[in-house]
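Undergrad: Below you'll find the structure I mean.
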Amino acid sequence: MTEAKSEALTISGLDCYYGEVQVLYGLDLVLNKGEVLCLFGRNGAGKTTTLKAIMGLVPSSAGSIKLAGQELTGLPAHEVPKAGVAYVPQGRRLFAEMTVAENI
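First residue of the sequence shown? That's 2 in the working numbering, and the numbers climb one at a time after it.
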């Protein structure tokens, strides 16, 4: 018997702009519970914009972002983590005088 997949994250028809430059064009993406998703692409392909749009850090001009059926599109950025989404951007802002374990 096949178990029904439960959608954890659904993005439908997402368009995002930086000023007048469109970066995302009708992005559709479905992540089911228990799956791992990797975004690959060249520089400027929209990977970071996708993550920032999910987090409410970049506004979308069209489309929908849902987490377990709950609409995230249009939520203020500080409300998105309350819905269960986390974003840890790449950075080198470590404290050099601390050990690796202390930084974690």
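Note that CB positions come from ideal geometry on N, CA and C, so glycine has one too.
So, helix, strand or coil for K53, using DSSP?
TA: Looking at K53 - three-state DSSP - the assignment turns out to be helix.
Undergrad: Quick check on M2: does DSSP put it in helix, strand or coil?
TA: For M2, the pLDDT reaches just 49, beneath the cut-off of 50, and the residue's location in the model is therefore unreliable, leaving the point undetermined.
Undergrad: Since A63 sits in a beta bridge, which residues does DSSP pair it with?
TA: Paired residue(s): D16.
Undergrad: In the DSSP assignment, find the beta strand (DSSP E) that holds V22 and state where it starts and stops.
TA: Per DSSP, V22 belongs to the beta strand (DSSP E) from V22 to N33.
Undergrad: What residues are listed by DSSP as bridge partners for L68?
TA: L68 is bridged to L10 and Q71.
Undergrad: Is it a yes or a no for the region 64-71 touching the region 39-53, going by three-plus beta-carbon pairs under 8 Å?
TA: No, because fewer than three Cβ pairs between the region 64-71 and the region 39-53 fall closer than 8 Å, the two stretches do not touch.
Undergrad: Taking the alpha carbon of G27 as the reference point, which residue from Q71, Y18 and K34 has its own alpha carbon closest?
TA: G27 has its Cα closest to that of Y18, out of Q71, Y18 and K34.
Undergrad: Could you round the C-beta distance between T74 and S61 to whole angstroms and report it? I think they count as a contact, below 8 Å.
TA: Contact holds; Cβ gap of about 6 Å.
Undergrad: Any idea what DSSP makes of P90, helix, strand or coil?
TA: In the structure shown, P90 sits in coil (DSSP, three-state: anything other than H, G, I, E or B).
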